[in-house]
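Reading through the structure tokens given below for one structure.
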Amino acid sequence: MKKLLNTVYVTTEGVALRKDGENLVAEVEGEERARVPLHMLASLVVFGPIHISPALMAACAGAGIAIALLDRNGRFRARVEGPVTGNVLLRRAQYRVSEAPEPVVRSILVGKVANQRSVLMRALRDHREELEPGDRDAITAVTERLAFILRRVERSDGGLDVLRGAEGEAANLYFSVFDNLLRVPDPDLRWKGRSRRPPLDPINALLSFLYTLLTHDCRSACESVGLDPAVGFLHRDRPGRPSLALDLMEELRPVLTDRLALSLINRRQLRAGDFEKRDGGAVVMSDDARRTVLTAWQERKKEERLHPFLQEKAPLGLVPYLQAQMLARHLRGDLDAYPPWFWK
Amino acid sequence: MPDGGEPIPLSALQHAVYCMRQAALIHLERVWAENRFTAEGQVLHAVADKGGGRKARGLRRVMALPVACVRLNIAGVVDMVEFHPAGNGTEVAYPVEYKGGKPKLHRADEVQLCAQALCLEEMTGTAVPEGALFYAETRRRVAVPFDHGLRNLTETTAAELAVVFSSGATPPPTHKRERCRACSLRELCRPEAVTKPVLAWRSRMVSCLLAEGPGA
């Protein structure tokens, strides 16, 4: 099994990263604070004003270590990329299939809707006693509607528009009961619907931040199997958008990020005071809160699950890579379809 | 890639005899993963690939000799070629290929060596009746006579490879599954997964998930 290598997240302003031998070294005001061997590293994510030496960039590019530069709030700004890897035949196959993407989109959405439903069912199972009867009924009703949509996505022979419609409907339903899953009394930590660019409340700020982290991992996964992260199936091409990485995320989001957001709030690891409202309504996380999220994210990625299709145990952090590999195998014609990742 | 000109690498013939899918993954899809066997092979070849020549016991030895055969559209590098004097000033080429491990039950190593011989025959215009495989583990040379059967196998393998490379399609895994266990590409090839029908599996999974709903 491919090893789950580390991602180093650097959040402290003014840190200078440089290469020393075969190590990454982090310095603050000329003083060494951390040292990581490059061969243990899968990627490097830096937030805000961090200095990276050209020698380190070159070494990372050569070793296939992805570098992403994000702003302090986790919004993507740039990445450092080495020579194009993978092979042109796979990319051509990807472009061909992207012209008629319906079968791949169907698989992605089967996985996504099934996992959205599983998240709700798990909440019902684990917290039945704590849930208000009204909340419980609302969640149950949504799981039933999602079951109906899932059956439709799996079986209907409707085209891409039907599938995209089903996705929108499922997302609306799922997020309509997201607030019922929050078990803290704090009125500031309520869910009032999805908002992005900028997120307008703490839960949205948290979700957006987690989505950024998952996007980065999915993009690296695409690149490491030789797929072009910019050419997607469900997401339409748009310059600068990693459409394939976003596609790959769809089925993983409910489990990898949404559930993590819920437990960070419900276990009170994050509180209203960890978020700050800016002029204009944008909500951002404090530096401490970001560190809490990054630690929890790293821990979550180490948890092992049985991969439903491969029937092998794998850490959650490796799932984007395994799914990218399965997608590549499907595009090359090995597999008759893309096998979604189901969470049970 | 070897359609219309680019010659097929000699090492691909060895991979193809072992498993045609392995050859396609390495040479067509360009995936590669080291395992213990391949890493040892690298070290061994680092020694053999230095090139140059030396004289020993009255014969000429040439290291890392580039060879090619236009007829079969194959090319590569031979670890070592001994040129044995054959009287009246002529020489007979004797290819020697270094291999990690020990002699194997399959004929992949022999085919690679025979392909080298076919190249040397075309290049020198002189028959190459025999060569040798040197195995690091046993530290023994195994003489390989290039008989009719081996030559045939080598030529058909080259022809099959040419078809696979020009089609661009990766064939299914070998039926000899014991070979998968020793293959460094196993994690990338996924021989069990790629023979499993996904659509049927997906539909079973969905039914199974729907069966455990609160509404069911």
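Each protein sequence line maps, in turn, to chains E and U.
Under UniProt numbering, the residue at position 277 of the first sequence is numbered 277, and the numbers go up by one with no gaps.
Under UniProt numbering, the residue at position 163 of the second sequence is numbered 163, and the numbers go up by one with no gaps.
By construction, the Cβ of each residue, glycine as well, lies at the ideal position given by its N, Cα and C atoms.
Proximity winner among the options, relative to residue i (alpha-carbon distances)
i                      : options                      : result
residue 25 of chain U  : U:151, U:119 and U:187       : U:187
residue 137 of chain E : E:228, E:163 and E:176       : E:176
residue 160 of chain E : E:37, E:203, E:104 and E:129 : E:104
residue 27 of chain E  : E:40, E:50, E:7 and E:41     : E:50
residue 11 of chain E  : E:127, E:125, E:72 and E:96  : E:72
residue 342 of chain E : E:107, E:277 and E:44        : E:107
residue 310 of chain E : U:209, U:195 and U:203       : U:195
residue 219 of chain E : E:172, E:287, E:68 and E:55  : E:68
residue 54 of chain E  : E:48, E:80 and E:46          : E:80
residue 92 of chain E  : U:208, U:29 and U:177        : U:29
residue 308 of chain E : U:130, U:206 and U:149       : U:206
residue 165 of chain U : U:23, U:58, U:116 and U:149  : U:23
residue 101 of chain E : E:205, E:170 and E:237       : E:237
residue 166 of chain E : E:149, E:155 and E:34        : E:149
residue 287 of chain E : E:192, E:95, E:270 and E:336 : E:270
residue 130 of chain E : E:239, E:38, E:183 and E:202 : E:183
residue 12 of chain U  : U:159, U:58 and U:123        : U:159
Proximity below 8 Å, CB of residue i to CB of residue j
i                      : j                      : result
residue 113 of chain E : residue 90 of chain E  : no
residue 244 of chain E : residue 231 of chain E : yes
residue 153 of chain E : residue 174 of chain E : no
residue 250 of chain E : residue 234 of chain E : yes
residue 92 of chain U  : residue 138 of chain U : no
residue 95 of chain U  : residue 78 of chain U  : yes
residue 322 of chain E : residue 301 of chain E : no
residue 82 of chain E  : residue 111 of chain E : no
residue 190 of chain E : residue 179 of chain E : yes
residue 207 of chain E : residue 261 of chain E : yes
residue 47 of chain E  : residue 74 of chain E  : yes
residue 182 of chain U : residue 119 of chain U : no
residue 217 of chain E : residue 320 of chain E : yes
residue 324 of chain E : residue 225 of chain E : yes
residue 229 of chain E : residue 242 of chain E : yes
residue 133 of chain U : residue 97 of chain U  : yes
residue 129 of chain U : residue 19 of chain U  : no
residue 333 of chain E : residue 169 of chain U : yes
residue 198 of chain E : residue 272 of chain E : no
Proximal chain U residues relative to residue i, where beta-carbon distance stays under 7 Å
i                      : result
residue 87 of chain E  : 29 and 30
residue 123 of chain E : Those within 7 Å of residue 123 of chain E in chain U number zero; the least Cβ separation is about 11 Å.
residue 107 of chain E : 202
residue 151 of chain E : 210
residue 339 of chain E : 198, 201 and 202
residue 110 of chain E : 202 and 206
Chain-ordered neighbours of residue i on chain E, where CB pairs are closer than 7 Å
i                      : result
residue 194 of chain U : 329, 334 and 335
residue 186 of chain U : In chain order: nothing, as chain E lies at least about 10 Å away.
residue 274 of chain U : Summary: the structure shown does not reach residue 274 of chain U, with chain U confined to residues 1 through 216, and so no result is reported for it.
residue 181 of chain U : Those within 7 Å of residue 181 of chain U in chain E number zero; the least Cβ separation is about 15 Å.
Contact set between residue i and chain A, taken where Cβ atoms lie within less than 7 Å
i                      : result
residue 203 of chain U : The question asks about chain A, but that chain is absent: this structure's protein chains are E and U.
Chain U contact residues for residue i, given Cβ-Cβ distances below 8 Å
i                      : result
residue 90 of chain E  : 29
residue 309 of chain E : 193, 196, 198 and 201
residue 342 of chain E : 205 and 209
residue 261 of chain E : Those do not exist, as residue 261 of chain E stays about 23 Å from chain U at its closest Cβ, beyond 8 Å.
Along the chain, which unbroken stretches of the beta strand (DSSP E) at least 3 residues long are found entirely within the segment 143-186 of chain E?
-> The DSSP assignment places no complete run of the beta strand (DSSP E) inside the segment 143-186 of chain E (cut-off: 3 residues).
Scan the segment 54-139 of chain E and note each continuous beta strand (DSSP E) run of 3 residues or more that stays entirely inside, going in chain order.
-> Runs of beta strand (DSSP E) with 3 or more residues, each lying fully within the segment 54-139 of chain E, are found at 66-70 and 76-80, listed in chain order.
Proximal residues, the segment 162-173 of chain U versus chain E, C-beta separation under 7 Å | Cβ contacts with chain E: 168, 169 and 170.
Whole runs of the alpha helix (DSSP H) within the segment 99-174 of chain U, excluding any shorter than 4 residues = You should have 108-124 and 148-167.
Please list the residues of the segment 126-151 of chain E that have a C-beta atom closer than 7 Å to any C-beta atom in chain U, keeping them in chain order.
-> Answer in chain order: 140, 143, 144, 147, 150 and 151.
Could you list the residues in the segment 58-74 of chain E with a C-beta less than 7 Å from some C-beta on chain U, going in chain order?
-> Of all residues in the segment 58-74 of chain E, none has a Cβ within less than 7 Å of some Cβ in chain U.
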